[in-house]
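Asks:
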Amino acid sequence: MEPLPAATTEASTLATQTGTDFVPVLTQLTEAYLDVNGNIKSKHQPRYKNIVARFKQLYGCEPAFFCRAPGRVNIIGEHIDYCGYAVLPAAIEQDFVMAYVLSDKSEIEVNNIDKDQFPAERLSTEPFQKFKEGHHWINYFLCGCGGMDQTISIFAEMGKAQLIEFNPTLKAIDVAVPSSVSLVIANSLTPSPKLLTVGTRYNKRVVECRFGLYIIAIKLGKAATYGDVKYKNFYELQTELGYSFDQMLDLVKTHLKKGGYSHDDVKKALNVGDLSNILKDIPYFFEVLQQNVRFHLYERAYHVFGEAQRVYQFKDACDSEALSEEDKVHKLGTLMNESHYSCRDLYECSSDQLDELTQLARDSGALGSRLTGAGWGGCCVSLVKKDVLASFLDKMHSYYTKEREPGYQLWVTDDLDRYLFATQPAKGAFILDPKYALWM
3 MEPLPAATTE ASTLATQTGT DFVPVLTQLT EAYLDVNGNI KSKHQPRYKN IVARFKQLYG
63 CEPAFFCRAP GRVNIIGEHI DYCGYAVLPA AIEQDFVMAY VLSDKSEIEV NNIDKDQFPA
123 ERLSTEPFQK FKEGHHWINY FLCGCGGMDQ TISIFAEMGK AQLIEFNPTL KAIDVAVPSS
183 VSLVIANSLT PSPKLLTVGT RYNKRVVECR FGLYIIAIKL GKAATYGDVK YKNFYELQTE
243 LGYSFDQMLD LVKTHLKKGG YSHDDVKKAL NVGDLSNILK DIPYFFEVLQ QNVRFHLYER
303 AYHVFGEAQR VYQFKDACDS EALSEEDKVH KLGTLMNESH YSCRDLYECS SDQLDELTQL
363 ARDSGALGSR LTGAGWGGCC VSLVKKDVLA SFLDKMHSYY TKEREPGYQL WVTDDLDRYL
423 FATQPAKGAF ILDPKYALWM
């Protein structure tokens with residue numbers, strides 16, 4: 003293996019594009035809803051007309067603008083962005099549309115087309131606000147900006163995924179996904195309410211990666227104590243060492259132990275009396291320390307380096323001129339399967355339902371299938387050849403219709419397309435100006 007890839011010359015250096023309008027303003031709806039063959043998807047026009055009708059009913063005027071942003075799926079690269087490593091998402095055809103108009107009120111009124119499931123809310127214009135308690139839809143409207151989500155949503159190009167690097171600067175590199183395959187997203191119908199598990203899931207993994215990083219740095223002689231560690235994440239350590247991913251995996255085997263560390267084990271390894279001293283910049287660190295007795299540093303670090311390696315292997319396979327189309331898509335599928343197994347066994351962020359769903363996808367003809375997103379519920383993404391797509395979707399229906407144990411029912415409706423659908427890498431975000439009246 004070569005050392006960690008440096009920034010490539012083909013990358014678009016987003017950090018230097020200040021002054022550029024990142025989000026285009028369109029005058030025609032058809033500019034956004036073309037498929038990869040240039041065909042217009044007219045099914046979206048009724049959606050916008052419906053939004054206008056609802057908007058006029060609520061506010062007595064038409065929208066000033068529409069903002070539209072695609073959904074996104076992370077094809078590969080799970081739980082490694084906060085360790086400094088690149089991820090490989092794609093924008094999808096399914097999208098979010100928001101109509102808005104300015105008012106003279108010092109509040110924001112948010113309405114949803116589905117007012118029964120998503121009741122209206124009024125929000126302050128203050129930049130920092132508390133989330134509503136529990137699993138409430140408006141919290142998604144309030145949530146802060148991340149890195150990967152906004153980058154792929156804005157810069158996505160039709161038919162292409164993107165390798166998004168966060169270091170040394172933010173870069174988005176187009177990756178052409180083979181045209182012979184589709185991405186299929188399937189919802190496990192097991193919600194993962196992040197606010198209710200802040201101490202035991204996502205934030206715990208961030209803490210475990212921090213502990214693993216510090217222990218490796220100290221054992222390598224890069225720091226005498228935890229206070230001397232200068233690295234913010236695994237990427238920075240690897241970059242300074244100039245090591246390949248295989249070499250970093252060897253470091254994990256050498257310097258971290260399998261089976262987990264107790265609080266006292268970590269304190270001893272880092273020569274620290276109070277673990278909170280090295281975690282104060284991590285949200286909910288107190289809950290993490292309070293709610294857990296063991297931390298699995300070997301397993302988390304091994305996943306991070308292996309997954310980061312798979313991201314670049316995925317891009318290399320897509321870019322390869324030496325591989326045939328058949329070999330290429332099989333390689334991509336294998337990498338996606340390996341990613342899921344690592345998320346399941348090493349990072350422990352899968353769930354019984356996701357494991358069932360991804361295995362069903364493989365058995366139904368997917369080249370590869372993996373959880374996507376934070377895990378512990380939510381969705382999986384599968385790579386499926388287009389010539390078997392129809393039969394694949396038919397077989398996947400069994401997940402949603404089979405009998406399950408008493409007391410456990412999937413909250414699926416007749417509209418199965420909401421939970422299981424095929425998609426292609428889609429166009430990024432745009433603003434639609436209705437004054438041109440060409441979108442209707």
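If you read the sequence shown in the numbering used here, its first letter stands for residue 3, the second for the next number, and so on. Glycine residues also receive a C-beta, built at the ideal position from the N, C-alpha and C atoms.
At the level of alpha carbons, what is the spacing between residue 173 and residue 86?
Replies: The residue you call residue 173 lines up with position 171 of the sequence shown. The residue you call residue 86 lines up with position 84 of the sequence shown. Each residue's Cα considered, the two are about 13 Å apart.
Asks: Using DSSP bridges, identify the partner residues of residue 374.
Replies: Numbered from its first residue, the sequence shown carries residue 374 at position 372. For residue 374, which the question treats as bridged, DSSP gives the partners 381.
Asks: Along the chain, where does the beta strand (DSSP E) that runs through residue 173 open and close?
Replies: Against the sequence shown, residue 173 aligns to sequence position 171. First-last of the beta strand (DSSP E) with residue 173: 173-178.
Asks: Tell me the DSSP bridge mates of residue 169?
Replies: Reading the sequence shown from its first residue, position 167 is the one you call residue 169. Residue 169 pairs with nothing; no bridge assigned.
Asks: Less than 8 Å between the CB atoms is what I'm expecting for residue 273 and residue 206, so what's the real figure, rounded?
Replies: Translated into positions along the sequence shown, residue 273 becomes position 271. Translated into positions along the sequence shown, residue 206 becomes position 204. About 22 Å; that fails the 8 Å criterion.
Asks: Within 10 angstroms of the Cβ of residue 79, are there 16 or more other Cβ atoms? Answer buried if so, exposed if not.
Replies: Taking the first residue of the sequence shown as position 1, residue 79 is located at position 77. Classification of residue 79: buried, given that the 10 Å Cβ count is 16 or more.
Asks: With distance defined between alpha-carbon atoms, name the residue in 344, 310, 195 nearest to residue 136.
Replies: In the sequence shown, residue 136 corresponds to position 134, counting from 1. When each option's Cα is compared against that of residue 136, the closest is 195.
Asks: Determine which residues share a DSSP beta bridge with residue 425 and list them.
Replies: As a first step, residue 425 is located in the sequence shown; it is residue number 423 there, counting from the start. Note: residue 425 sits in a beta bridge opposite 185.
Asks: Rounding to the nearest angstrom, what Cα-Cα distance links residue 255 and residue 304 in this structure?
Replies: Taking the first residue of the sequence shown as 1, we reach residue 255 at position 253. Taking the first residue of the sequence shown as 1, we reach residue 304 at position 302. Going by the C-alpha atoms only, they are around 8 Å apart.
Asks: Put residue 111 into one of helix, strand or coil per three-state DSSP.
Replies: Here residue 111 refers to the residue found at position 109 when the sequence shown is read from its first residue. Reduced to three states, the DSSP call for residue 111 is strand.
Asks: If you drop the 5 nearest sequence neighbours on each side, which residues of the same chain put their C-beta closer than 8 Å to that of residue 110?
Replies: The residue you call residue 110 lines up with position 108 of the sequence shown. Contacts found: 124, 125, 126, 127.
Asks: Pull up the distance between the alpha-carbon of residue 356 and that of residue 307, whole angstroms please.
Replies: Locating residue 356 in the sequence shown gives position 354, counting from the first residue. Locating residue 307 in the sequence shown gives position 305, counting from the first residue. So the alpha carbons of these two residues sit roughly 23 Å apart.
Asks: What is the residue span of the alpha helix (DSSP H) that residue 338 lies within?
Replies: Within the sequence shown, residue 338 is the residue found at index 336, counting from 1. Where residue 338 is concerned, the enclosing alpha helix (DSSP H) stretches over 327-347.
Asks: Determine, using beta carbons only, whether residue 432 and residue 25 come nearer to each other than 8 Å.
Replies: Here residue 432 refers to the residue found at position 430 when the sequence shown is read from its first residue. Here residue 25 refers to the residue found at position 23 when the sequence shown is read from its first residue. Yes, the pair counts as a contact, with Cβ atoms nearer than the cut-off.
Asks: CB residue 421 to CB residue 188, shorter than 8 Å?
Replies: For the purposes of this step, residue 421 is identified with residue 419 of the sequence shown, where counting begins at 1. For the purposes of this step, residue 188 is identified with residue 186 of the sequence shown, where counting begins at 1. Taking 8 Å as the Cβ cut-off, residue 421 and residue 188 qualify as a contacting pair.
Asks: Spatial neighbours of residue 318 within its chain, please: C-beta separation below 7 Å, excluding the five flanking residues on both sides.
Replies: Within the sequence shown, residue 318 is the residue found at index 316, counting from 1. There are no such residues.
Asks: Is it the case that the Cβ atoms of residue 102 and residue 145 are separated by a distance below 8 Å?
Replies: Within the sequence shown, the letter at position 100 stands for residue 102. Within the sequence shown, the letter at position 143 stands for residue 145. Going by C-beta atoms, residue 102 is not nearer than 8 Å to residue 145.
Asks: Under DSSP, the beta strand (DSSP E) around residue 73 begins and ends at which residues?
Replies: Residue numbering aside, residue 73 sits at position 71 when the sequence shown is read from its first letter. Residue 73 -> beta strand (DSSP E) spans 67-78.
Asks: Where does residue 399 land, buried or exposed, given buried means 16+ other C-beta within 10 angstroms?
Replies: As a first step, residue 399 must be located in the sequence shown, where it is residue number 397. By the neighbour-count rule (16 or more Cβ atoms within 10 Å), residue 399 is not buried but exposed.
Asks: Based on the DSSP output, what are the partners of residue 386 in its beta bridges?
Replies: Walking along the sequence shown from the start, residue 386 turns up at place 384. Answer is 184, bridged to residue 386.
Asks: Given 8 Å as the limit, is there contact between the stretch 322-337 and the stretch 361-376, that is, 3 or more CB pairs closer than that?
Replies: A contact exists between the stretch 322-337 and the stretch 361-376.
Asks: Taking Cβ to Cβ, would you say residue 436 is nearer than 8 Å to residue 162?
Replies: As a first step, residue 436 is located in the sequence shown; it is residue number 434 there, counting from the start. As a first step, residue 162 is located in the sequence shown; it is residue number 160 there, counting from the start. In this structure, residue 162 does not lie closer than 8 Å to residue 436 by Cβ.
Asks: Which residue comes first and which comes last in the alpha helix (DSSP H) that contains residue 310?
Replies: Numbered from 1 along the sequence shown, position 308 holds the residue referred to as residue 310. Run containing residue 310: 299-321, per the alpha helix (DSSP H) assignment.
Asks: Just to confirm before moving on: does the CB-CB distance between residue 192 and residue 379 stay below 8 Å?
Replies: As a working mapping, residue 192 is identified with position 190 in the sequence shown. As a working mapping, residue 379 is identified with position 377 in the sequence shown. Yes, they are a contact pair.
Asks: Taking only three categories from DSSP, how would you classify residue 121?
Replies: Reading the sequence shown from its first residue, position 119 is the one you call residue 121. Residue state, collapsed to three classes: coil.
Asks: Considering only their Cβ atoms, is the gap separating residue 210 from residue 298 smaller than 8 Å?
Replies: As a first step, residue 298 must be located in the sequence shown, where it is residue number 296. As a first step, residue 210 must be located in the sequence shown, where it is residue number 208. Yes.
Asks: Name the DSSP beta bridge partners of residue 91, please?
Replies: The residue labelled residue 91 in the question sits at position 89 within the sequence shown. In DSSP, residue 91 forms a bridge with 76.
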